[in-house]
Amino acid sequence: MSRPAAPGPGEEEILPKPLTEVALPDLAATGRLARALAAALRAGDLLVLTGELGAGKTTFTRALGKALGVRGSVISPTFVLARIHPNDPDGPRPGGPDLVHVDAYRLGSVEEVDDLDLEATQDRAVTVVEWGRGLVEHLAESRLELTLERATGEAAPVVEGDEDDEDPRRARLAAFGPRWTGQAGRDLARRLEAALRG
84 MSRPAAPGPG EEEILPKPLT EVALPDLAAT GRLARALAAA LRAGDLLVLT
134 GELGAGKTTF TRALGKALGV RGSVISPTFV LARIHPNDPD GPRPGGPDLV
184 HVDAYRLGSV EEVDDLDLEA TQDRAVTVVE WGRGLVEHLA ESRLELTLER
234 ATGEAAPVVE GDEDDEDPRR ARLAAFGPRW TGQAGRDLAR RLEAALRG
């Protein structure tokens, strides 16, 4: 199975109905969103990140890793495809899950994702996949999809490495599967919205 084609000119991408959509006026807000989401995540969870270059996917994952209490700094796995960041037993969440960070941009099929053997770490890690929509849905019965967009619009120039800039962004979180349906999903949406109000 290959990655679904991007919408053509004049076509609009059909997005899942979000649990919540929030404004991220600055990097501090992105950090608050990551901390609130990390508090709800556990080993076995799958988070798919979507957004254009410079939308803040790696910045968000770096903040998520810090909130999960992983050792060291989270860096982009662009050239290695996947990195495992182990939990720090002396960190803020001892005994918490590891973080597996995947950049699926260069992967063209489900088979290439399967070659990464992500199932081997699922029982002890939260798996975050950038550019994973259409490729990783089979990895877990339930998943969250976080779409990050630069509030300045697609016309804004993107300079390599500007992901950490202070430009405002929007985040849209959608949920799939039994883990996040019903009350659990509503509770998560309220938690994220509250984190960004305070």
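Our numbering puts the sequence shown at residues 84 to 281. Quick reminder that beta carbons are idealized off the backbone N, C-alpha and C, glycines included.
State whether the stretch 182-189 contacts the stretch 159-167, with contact taken as three or more CB pairs (one from each stretch) at a distance under 8 Å. Segments in contact, yes.
Straight-line Cα distance separating L102 from R269: Counting from one through the sequence shown, the residue named residue 269 turns up at place 186. Counting from one through the sequence shown, the residue named residue 102 turns up at place 19. Rounded to whole angstroms, R269 to L102 spans 7 Å at the Cα level.
Take R145 as the anchor and find which of A234, L136, P160, E195 has the nearest alpha-carbon. Here residue 145 refers to the residue found at position 62 of the sequence shown. Nearest of A234, L136, P160, E195 to R145, Cα basis: P160.
According to the Cβ coordinates, are L130 and V209 closer than 8 Å? As a first step, residue 130 is located in the sequence shown; it is residue number 47 there, counting from the start. As a first step, residue 209 is located in the sequence shown; it is residue number 126 there, counting from the start. Between L130 and V209, the gap from beta carbon to beta carbon is short of 8 Å.
Beta-bridge pairing of V219 - partner residues as DSSP gives them: Start at 1 with the first residue of the sequence shown, and residue 219 comes out as number 136. Answer is none; V219 lacks a bridge partner.
Rounded to the nearest angstrom, how far is the Cβ of A123 from that of R216, given a contact under 8 Å? Sequence index remark: in the sequence shown, residue 123 carries index 40 (1-based). Sequence index remark: in the sequence shown, residue 216 carries index 133 (1-based). With 8 Å as the limit, A123 and R216 do not qualify as a contact, their Cβ atoms being about 21 Å apart.
Runs of beta strand (DSSP E) lying entirely within the stretch 143-184, each at least 3 residues, in chain order: 165-168
Residues that DSSP places opposite A208 in a beta bridge: As a position in the sequence shown, residue 208 is number 125, starting the count at 1. BP columns for A208 point to D181.
Measure the C-alpha to C-alpha separation of R207 and E195 and round it to an integer number of angstroms. As a position in the sequence shown, residue 207 is number 124, starting the count at 1. As a position in the sequence shown, residue 195 is number 112, starting the count at 1. Rounded to whole angstroms, R207 to E195 spans 22 Å at the Cα level.
As a quick exercise: from A119, T133, L218, V163, pick the residue whose alpha carbon is nearest that of R252. On the sequence shown, position 169 is the one that residue 252 refers to. Per the Cα distances, T133.
Can you tell me whether DSSP reads G244 as helix, strand or coil? Locating residue 244 in the sequence shown gives position 161, counting from the first residue. Residue placement at G244 is flagged as unreliable, the pLDDT there being 49, under the threshold of 50; a coordinate-derived value is accordingly withheld.
Suppose you measure from the CA of V105 to the CA of P177; what does that come to, to the nearest Å? Indexing the sequence shown from 1 puts residue 105 at position 22. Indexing the sequence shown from 1 puts residue 177 at position 94. Going by C-alpha positions, V105 is about 30 Å away from P177.
So what does DSSP say about A258, is it helix, strand or coil? Along the sequence shown, one-based indexing puts residue 258 at 175. It is a strand residue.
Residue from V163, D200, A203, A257 whose Cα sits closest to the Cα of R189: Taking the first residue of the sequence shown as position 1, residue 189 is located at position 106. Among V163, D200, A203, A257, the Cα nearest to that of R189 belongs to V163.
Let me confirm a value: L136 is counted as buried when at least 16 other C-beta atoms fall within 10 Å, else exposed. Which label applies? By one-based count along the sequence shown, residue 136 stands at place 53. Per the 10 Å Cβ criterion, exposed.
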